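Novice: Chain order of the listed sequences is A and B. This note's numbering puts the first residue of the first sequence at 94, with every later residue one more than the last. This note's numbering puts the first residue of the second sequence at 4, with every later residue one more than the last. For every residue, glycine included, the Cβ atom is placed at its ideal position computed from N, Cα and C. Values in this document were obtained by computation on a predicted structure and should not be read as measured data. Attaching a single structure in structure tokens format; questions to follow.
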Amino acid sequence: QKEVEQDPGPLSVPEGAIVSLNCTYSNSAFQYFMWYRQYSRKGPELLMYTYSSGNKEDGRFTAQVDKSSKYISLFIRDSQPSDSATYLCAMRAGGGNKLTFGTGTQLKVEL
Amino acid sequence: GAGVSQSPSNKVTEKGKDVELRCDPISGHTALYWYRQSLGQGLEFLIYFQGNSAPDKSGLPSDRFSAERTGGSVSTLTIQRTQQEDSAVYLCASSLQPGGTDTQYFGPGTRLTVL
């Protein structure tokens, strides 16, 4: 069993929809949680970075962490075709350096 | 400013040949990471360099893989006697300093195809 599980999709939604992306994890040592966005043939770029349980909002994006359930989510409001990409969750243990990634969810926002 | 750069962007090689992949981190970043992204596998950690400390090689899949970082800047990942299962995108990332809430910035990757 992988340390981080993420539904690979693909997920297709109409423009303007609210998108929910999720990851579960098994390692209690994970303390830092990230969401990266990766366009085709590009490197991942950081979208959101959270440390504590709860919600963090940035524009149309909200990251949610529930450490008790070992579950993290990314919500995208008013989705746009430009949001079409692969979304990767990533985690790091406290005091650790390497990131452990989910497999990524491929999202397509259609006009 | 300039981001992380990697070269070549694409590499096609024959099974059994050696390949070298290069990473130029963001200037001033002390930490450098290599990851591998295979279809359906997500990104897997390979190796981590921090300053003059001994690298963390815990993610290297076999002794055919090695990496070095010269002068605390440029890094080279070498794969000897390549196998078809080595085909993947190799991504390099750098961060200002490790730990805490440091952000890893990724390069565009090198797409390696082993025939």
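#1: Taking the alpha-carbon of A/Leu181 as reference, which of A/Leu200, A/Lys191 and A/Ser105 has the nearest alpha-carbon?
#2: Quick one: Cα of A/Phe126 to Cα of B/Leu35, how far?
#3: How many angstroms separate the CA atom of B/Ser76 from the CA atom of A/Gly102?
#4: Got a sec? Which residues, its chain only, sit under 6 Å from B/Leu46 by beta carbon, not counting five neighbours each side?
#5: Check distances from the C-beta atoms of the region 22 to 38 of chain B to those of chain A and list, in chain order, the residues that come in under 9 Å.
#6: Mind listing, in chain order, the continuous beta strand (DSSP E) runs of no fewer than 3 residues lying wholly within the region 149 to 193 of chain A?
#7: Can you give me the C-alpha to C-alpha distance between A/Glu98 and B/Ser10, rounded to a whole angstrom?
#8: Pick out whichever of A/Pro107, A/Ala110 and A/Ser121 has its Cα sitting closest to the Cα of A/Asp159.
#9: Going by beta-carbon coordinates alone, are A/Trp197 and A/Thr179 separated by less than 7 Å?
#10: Thinking C-beta only, is B/Gln53 closer than 7 Å to B/Pro101?
#11: State the start and end residues of the unbroken beta strand (DSSP E) segment that holds B/Ala34.
#12: Taking the alpha-carbon positions, what's the A/Asn190 to B/Cys95 distance?
#13: Pairs of beta-carbons, one from the region 154 to 173 of chain A and one from the region 107 to 120 of chain A, closer than 8 Å: are there three or more?
#14: The beta strand (DSSP E) with B/Ser98 in it runs from where to where?
#15: With a threshold of 7 Å on Cβ separation, who are the neighbours of A/Ser177 within its own chain once the five nearest residues in sequence on each side are excluded?
#16: Name the chain A residues that come within less than 8 Å of B/Thr104, Cβ to Cβ?
#17: From B/Asp105 to A/Lys149, what does the alpha carbon distance come to, in whole angstroms?
#18: Classify A/Ser145: buried if its beta carbon has 16 or more other beta carbons within 10 angstroms, exposed otherwise.
#19: Any beta carbon of chain A sitting closer than 7 Å to that of B/Leu42?
#20: Measure the alpha-carbon distance for B/Thr116 versus A/Arg170 and round it to whole angstroms.
Specialist: So, from the listed chains and residues:
#1: Taking the first residue of the first sequence as 1, we reach residue 181 of chain A at position 88. Closest option to A/Leu181, Cα to Cα, is A/Leu200.
#2: The residue you call residue 126 of chain A lines up with position 33 of the first sequence. The residue you call residue 35 of chain B lines up with position 32 of the second sequence. Going by the C-alpha atoms only, they are around 19 Å apart.
#3: As a working mapping, residue 76 of chain B is identified with position 73 in the second sequence. As a working mapping, residue 102 of chain A is identified with position 9 in the first sequence. Their backbone Cα atoms lie some 38 Å apart in a straight line.
#4: As a working note, residue 46 of chain B is residue 43 in the second sequence. Cβ neighbours of B/Leu46 beyond the five flanking positions: Tyr38 and Gln40.
#5: Ala34, Tyr36 and Tyr38
#6: 154 to 159, 164 to 169 and 178 to 186
#7: Locating residue 98 of chain A in the first sequence gives position 5, where the first residue counts as 1. Locating residue 10 of chain B in the second sequence gives position 7, where the first residue counts as 1. If I take the Cα positions, the gap works out to 31 Å.
#8: For the purposes of this step, residue 159 of chain A is taken as the residue at position 66 of the first sequence. Ranking A/Pro107, A/Ala110 and A/Ser121 by Cα distance to A/Asp159 puts A/Ser121 first.
#9: For this step, residue 197 of chain A is matched to residue 104 along the first sequence. For this step, residue 179 of chain A is matched to residue 86 along the first sequence. Here residue 197 of chain A is Gly; the residue named in the question, Trp, does not match the sequence. Cβ atoms of A/Gly197 and A/Thr179: closer than 7 Å.
#10: Taking the second sequence and counting its residues from 1, the one referred to as residue 101 of chain B is at position 98. Taking the second sequence and counting its residues from 1, the one referred to as residue 53 of chain B is at position 50. It is a contact, given that the beta carbons lie within the stated cut-off.
#11: In the second sequence, the residue the question calls residue 34 of chain B occupies position 31. Here the beta strand (DSSP E) through B/Ala34 covers Ala34 to Ser41.
#12: Within the first sequence, residue 190 of chain A is the residue found at index 97, counting from 1. Within the second sequence, residue 95 of chain B is the residue found at index 92, counting from 1. Each residue's alpha carbon lies about 14 Å from the other.
#13: yes
#14: Working through the second sequence from its first residue, we reach residue 98 of chain B at position 95. Ala91 to Ser98 is the span of the beta strand (DSSP E), which, as asked, contains B/Ser98.
#15: As a position in the first sequence, residue 177 of chain A is number 84, starting the count at 1. Only Leu200, Lys201 and Val202 meet the Cβ criterion.
#16: In the second sequence, residue 104 of chain B corresponds to position 101, counting from 1. Here the neighbours are Tyr125, Tyr142 and Tyr144.
#17: Here residue 105 of chain B refers to the residue found at position 102 of the second sequence. Here residue 149 of chain A refers to the residue found at position 56 of the first sequence. The alpha-carbon atoms of B/Asp105 and A/Lys149 are separated by roughly 17 Å.
#18: In the first sequence, the residue the question calls residue 145 of chain A occupies position 52. By the neighbour-count rule (16 or more Cβ atoms within 10 Å), A/Ser145 is not buried but exposed.
#19: Against the second sequence, residue 42 of chain B aligns to sequence position 39. So, not an interface residue.
#20: Locating residue 116 of chain B in the second sequence gives position 113, where the first residue counts as 1. Locating residue 170 of chain A in the first sequence gives position 77, where the first residue counts as 1. Using only the alpha carbons, I get a separation of about 38 Å.
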